[in-house]
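Participant: This is the structure, below, for whatever I ask next.
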Amino acid sequence: MIKNLKFVFLFFVFFLSFFTLHAIVNYTSDFFINDYANVLDNDTKKYILSNSKLLDKRDFAQVVVLTLETFDQNSQNLEDFALDVFRDWKIGSKEKNHGLLLILISKSRKIRVQVGYGLEGILNDGKVGNFLEKYAVPHFKKGDFNLGIKNLYSVIISEIYSSNNLEVPDDVSESTKSGENSPLDVFFIVIIIVAVIAFGAIGGFFGGISGGGNYHNGRGGNFGGGGNHGGGGSSGGGGASRNF
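As numbered in full-length UniProt numbering, residues 1 to 244 make up the sequence shown, in order.
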């Protein structure tokens, strides 16, 4: 009798643990936007939801955003956790496996983009890593999760549109520009370059008159800036992660 009770107890504990593990993160009724960390405003959520619905309707991709305050880092790392969520939610269609999960852990200060098999040709690990460093991490470091997520999301779906030879929607195109140099910044850069060249030429001219020899600029190098549920869920771990 006692032996049977022990078996029942162990079975109950195992069942409860299994259920809890898979109930920790459930997608919302919107599926594409899941802001459990409460770091995104309504405008950002609407922007992501409307654009992800449009991508899904056109069967280009399923792009899902998930924010959490934390997760159990003692049992697994972010890469494994993101892959589990990706597969459990079955992001992307079964035929194309064109899913992508953008997951932010706010308190642990981590960001991960999990890419499905069908999008790895468009969004390889190196490209995704560059997007994280350029469009997301600088804003996250300042505490601006809205701008960081929106910029990262925008540049990712811009790549998806471009790969399908389609024009990027205006609102998406404008969002990606905030991670780049503004026209005013470019103007001042051009002015500086022209000034350096002009002063160099003047110096060379007067040096020649005085017999002072040749003018040499020794600075080498480059100038520049460094039913929504899909049924898929196939990813081999493609993507990139960053701390901030």
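Glycine included, C-beta positions come from ideal geometry on N, C-alpha and C.
If you're wondering where the values come from, they're calculated on a predicted model, not measured in any experiment.
1) Rounded to the nearest angstrom, how far is the Cβ of G116 from that of S234, given a contact under 8 Å?
2) Whose C-alpha, out of F32, F244, E174, N26, is nearest the C-alpha of L102?
3) Flag this pair as touching only if the region 94-112 and the region 55-73 have three or more C-beta atom pairs under 8 Å; answer yes or no.
4) Going by C-alpha to C-alpha distance, which of V63, V39, R58, N38 sits closest to I48?
5) Kindly indicate which three-state DSSP category S108 falls into: helix, strand or coil?
6) Mind reading off the beta-carbon distance from I111 to A136? Whole number of angstroms is fine, and I expect it under 8 Å.
7) For T67, which residues does DSSP report across the bridge?
8) Distance cutoff 8 Å, beta carbons only. Does K90 sit that close to anything in chain B?
9) Quick check: L66 and N146, are their CB atoms within less than 8 Å of each other?
10) From which residue to which residue does the beta strand (DSSP E) around R242 run?
11) Can you list, in chain order, the residues of its chain whose CB lies under 7 Å from that of F131, leaving out five sequence neighbours each side?
12) Report the rounded CA-to-CA distance for G129 versus N97, giving the unit in angstroms.
Facilitator: In short:
1) The distance from the Cβ of G116 to that of S234 is about 6 Å, consistent with a contact at the 8 Å cut-off.
2) F32
3) yes
4) V63
5) coil
6) 6 Å
7) D35, L104
8) Of the protein chains in this structure there is only one, and it is not chain B.
9) no
10) 238-243
11) L152, V155, I156
12) 21 Å
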